[in-house]
Amino acid sequence: MECVPRRNARQTTTHDYHRSSATSRSRRRKHCGLRRARPPYRIAVFLSPPPSSMRVSQFFLSTLKEAPAEAELISHRLMLRAGLIRKLGSGLYTWMPLGLRVLRKVEAIVREEMNRAGAVELSMPAVQPAELWQESGRWAVFGPQMLKIKDRHDRDFCFGPTHEEVITDIARREIRSYRQLPVNFYQIQTKFRDEIRPRFGVMRAREFLMKDAYSFHTGFDDLQREYRNMYDAYSRIFTRLGLQFRAVAADTGAIGGTGSHEFHVLADSGEDALAFSPASDYAANVELAEAVAPASPRAGATQPMTKVPTPGKTTCEDVVALLGLPLTQSVKALALMHEDRLFLLLLRGDHHLNEIKAGKIPGLDPFRFATDGEIVGKLGCKPGYIGPVGIPSGITVVADRAVAAMSDFVCGANEAGFHLTGVNFGRDLPEPTIVADIRNVVPGDPSPDGRGSLELCRGVEVGHIFQLRTKYSEAMGATFLDEQGQSQPMEMGCYGIGVSRIVAASIEQNHDDRGIMFPDAMAPFRIALVAIGYRKSEAVKQAADALHDALTAAGVEVLLDDRDERPGVMFADIELTGIPHRVTIGDRGLKSGELEYQNRREGQSQPIPAAEAVPWLLERLAG
RNA sequence: CGGGGUGUAGCGCAGCCUGGUAGCGCGCCUGCUUUGGGAGCAGGAUGUCGGAGGUUCGAAUCCUCUCACCCCGACCA
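Going by numbering that gives the first Met the number 0, the residue at position 226 of the first sequence is 225; the numbering climbs one at a time, nothing skipped.
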């Protein structure tokens, strides 16, 4: 692929200017002629770029009646149908002209708010030398998610999945004194992560557009101040983009560090589960949300331990159904392995293991699930009937907090076809070696902040902010001299936004059965003019052209549908592409001096006087 | 990487079981009619049936291998 510079009206002008001075004389003459012909236009361009309005006949609209079969998610289907994107390969998408306009809108808002927040833009290489990653210790950690490439000298590089290493390298070279701090660098750039399973179109693509920012500080206090600053900037960005979102406490994952928040666009199709308390401002990713210990202490034993036959019943659901007991009275045992050591994790039957929490159990990280063979070998019993009673020594029993407070419970008997009822800690088996929070919270759990109970919703992660502290600066020697002349590692924060993902997430929230409903801030064009009979009626053509020109002059981006299509086709296309405002221009209305306005989100259209259309629309757009 | 599935025209699909050399709808091209909610009529173009090998007189169809893509599980903006 050739490297083609991005062009908006402004850049095209400067680009052509430079080019013309470097090209052949005949070409230069041509350019000069052109320039002389329209000097006022070019000057205007430099002062303030005009909105890039378009006519459909000159643009490239490429809509589909049916979405390709591989598209599952509504946003993915609509993006394909509306011609915003086209797939090249797994996780690789072309942003078509219409889609690129949307992407640029998001980018512009992100850039504006980052600048407003005091961050400074730079641009780092997409391709990075392996040495930097070896130095930070992440060459192996990131592993197969990194697209590794070799140059002609057989040297290792990767296509950057993120830029902590590069920016830390910049910081250690450029920053020597506390006087140069703090600073927050950001870029908006294509990243590549070789995801195990790309899916949902640009929602989880391998190549995607990301805004990544990295801040450097003399101390933790200042890092926290900037973290808060970024938190506020992110809130402004997502608010301006018209997204329904929620900021939640998050796990730090592979990036590392201490504090972290994720910003999620709320959508049922989201890949993350979020817990929040309506009674407070508590919100956390379920990965992290704490399941607090039950308030009431364990009740005393009332039943004898009894072995009951449960042939063929290998799940908690089946066992309690057979015994006529509630699921909350059962305990399931999960066999996890750290190297060749077995951990038996106990969870209430209706609860689910949280693998991130499990990874924090002392001695268990990293863990894997035991194979059937290992379970039989260590417990002498098939999976489905395993339990914590009478197990050999050397096995660590980890009880979830909820389990630790249970009495008279049901669990596997470590004998195929049998379970135990009326089981009690202390009497029938030792107290668990470890009691820990190892489950996912469920709706109704008390909020960890003690206020209200938790509810769950789903979200699409579009932003993530981290306090990295000195993880990278220490590993890579990014130090500065403080006021006392002492060398200190810089405190670091990093802040990401999935720019391309935002487009998909927005569509998840803003669509109906006719297509996309972009908020104004993100729409590829703000107004569509549907000219009915543009090629047939001089009156329609004149009215449509005049309105197009007037709105454009007033700074509004307009798409004029001047195709020789039937009205239904044009209406359907405009609705599919999500342009928020539509004006229909036809002979029928013009006869009575009227145009017709339709908002994409409103059911009813309304007539507007043709003569006052421009001020009417401008007022409408402003409000 | 494990489990499941699909590859036939630009898109959506049928044909495959029961081998006989490919079809439907939409889209596309031409002409005429039509023009306020995805038009009608007539004519037309487009497929080495994902690829390779095998069985057979003959393979989209049966067999083997392979590749790509999609869906479900562990990563992340």
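All C-beta atoms in this analysis are idealised placements derived from N, C-alpha and C, irrespective of residue type, glycine included. Predicted model only: the values in this text are computed from it and were never measured.
Do residue i and residue j have their C-beta atoms within less than 8 Å of each other?
| i | j | result |
| --- | --- | --- |
| PRO50 | GLU556 | yes |
| ILE506 | MET95 | no |
| ASP409 | PRO431 | Note on residue identity: the sequence assigns Val, not Asp, to residue 409. Cβ distance not < 8 Å, so VAL409 and PRO431 don't count as in contact. |
| SER234 | ALA249 | no |
| ASP168 | LEU131 | yes |
| PHE184 | VAL119 | yes |
| GLU460 | GLU261 | yes |
| VAL285 | VAL440 | yes |
| PRO296 | ALA404 | yes |
| GLY258 | GLN466 | yes |
| ALA300 | ASP220 | no |
| VAL498 | ILE73 | no |
| MET475 | LEU180 | no |
| LEU575 | ILE515 | yes |
| GLY362 | HIS337 | yes |
| ALA520 | LEU99 | no |
Let me check understanding here. Comparing Cα to Cα, which of the options lies closest to residue i?
| i | options | result |
| --- | --- | --- |
| PRO128 | GLU120, ARG137 and LEU121 | ARG137 |
| PRO67 | LYS86, GLN57, GLN597 and ARG599 | LYS86 |
| THR217 | GLY492, LEU287, LEU333 and PHE570 | GLY492 |
| ALA412 | LEU378, ARG171 and VAL264 | LEU378 |
| GLY200 | SER406, VAL613, GLU69 and ALA522 | GLU69 |
| GLY449 | GLY554, ILE515, CYS380 and ALA288 | ALA288 |
| PRO447 | GLY592, GLN179, ASP280 and MET475 | ASP280 |
| GLY458 | SER604, LEU242 and THR576 | LEU242 |
| VAL674 | PRO442, GLY443 and PHE424 | Any answer about residue 674 is impossible in this case: the structure gives the chain only from 0 up to 622. |
| GLY532 | ARG562, LEU322, GLU65 and PHE517 | ARG562 |
| ASP211 | ARG227, THR189 and GLU194 | THR189 |
| THR161 | PRO310, PRO181, LYS590 and MET123 | MET123 |
| LEU341 | GLU316, ILE355 and VAL375 | VAL375 |
| ALA232 | ALA283, ARG103, GLN133 and ARG110 | ARG110 |
| GLY117 | VAL182, ALA477 and MET336 | VAL182 |
| ASP436 | LEU265, ARG534, ASP371 and VAL291 | VAL291 |
| ALA107 | ILE236, ASN353 and ALA81 | ILE236 |
For residue i, which beta-bridge partners are listed by DSSP?
| i | result |
| --- | --- |
| CYS410 | LEU419 |
| TYR596 | VAL582 and GLN605 |
| TRP94 | ILE84 |
| ARG54 | LEU559 |
| LEU626 | Residue numbering for the chain in the displayed model covers 0 to 622; residue 626 lies beyond these limits and cannot be assessed. |
| GLU460 | HIS263 |
| ALA272 | ARG457 |
| ASN284 | LEU273 |
| LEU528 | LEU559 and VAL582 |
| ALA334 | LEU343 |
| HIS510 | ILE515 |
| GLU69 | According to DSSP, which records beta bridges pairwise, GLU69 is partnered with nothing at all. |
Under the rule that 16 or more other beta-carbon atoms within 10 Å means buried, what is residue i, buried or exposed?
| i | result |
| --- | --- |
| LYS29 | Residue placement at LYS29 is poorly supported in this model, since its pLDDT is 36, which falls under 50; the coordinates are not used for a value here. |
| VAL568 | exposed |
| ALA504 | buried |
| ARG438 | buried |
| LYS312 | buried |
| ALA21 | Reliability of the predicted coordinates at ALA21 is poor, the pLDDT of 35 falling under 50, and the value obtained from them is presented with this limitation in mind. Burial call: exposed. |
| ALA369 | buried |
| ILE42 | With a pLDDT of only 46 at ILE42, under the threshold of 50, the placement of this residue in the model should not be trusted; the figure read from the coordinates follows. Label assigned to ILE42: exposed. |
| ASP399 | buried |
| ARG171 | buried |
| ALA298 | exposed |
| THR238 | exposed |
| SER135 | buried |
| LYS104 | buried |
| SER52 | buried |
| ASP317 | exposed |
| THR309 | buried |
| GLU163 | buried |
query = Is it true that the segment 520 to 529 meets the segment 539 to 557, where meeting means three or more beta-carbon pairs spaced less than 8 Å apart?
reply = yes
key: Three-pair Cβ contact test at 8 Å for the segment 201 to 211 versus the segment 87 to 105   = yes
message = Any contact between the segment 172 to 181 and the segment 140 to 155? By contact I mean 3 or more CB pairs, one from each, below 8 Å.
response = Contact annotation: the segment 172 to 181 does not touch the segment 140 to 155, with fewer than three C-beta pairs closer than 8 Å.
The segment 572 to 584 touching the segment 594 to 602, judged by at least three CB pairs closer than 8 Å = Output reads yes: the segment 594 to 602 touches the segment 572 to 584.
query = How do the segment 414 to 429 and the segment 381 to 397 stand: do at least 3 beta-carbon pairs fall below 8 Å, yes or no?
reply = yes
ask   = Is it true that the segment 454 to 474 meets the segment 152 to 169, where meeting means three or more beta-carbon pairs spaced less than 8 Å apart?
value = yes
inquiry  = Taking 8 Å as the cut-off, does the segment 311 to 329 touch the segment 341 to 354 (at least 3 CB pairs, one atom from each stretch)?
reply    = yes
message = Under 8 Å, with one C-beta from each stretch per pair, do the segment 534 to 544 and the segment 584 to 591 reach the 3-pair mark?
response = yes
ask   = Would the segment 302 to 322 and the segment 412 to 424 be scored as touching if the rule is three or more Cβ pairs under 8 Å?
value = yes
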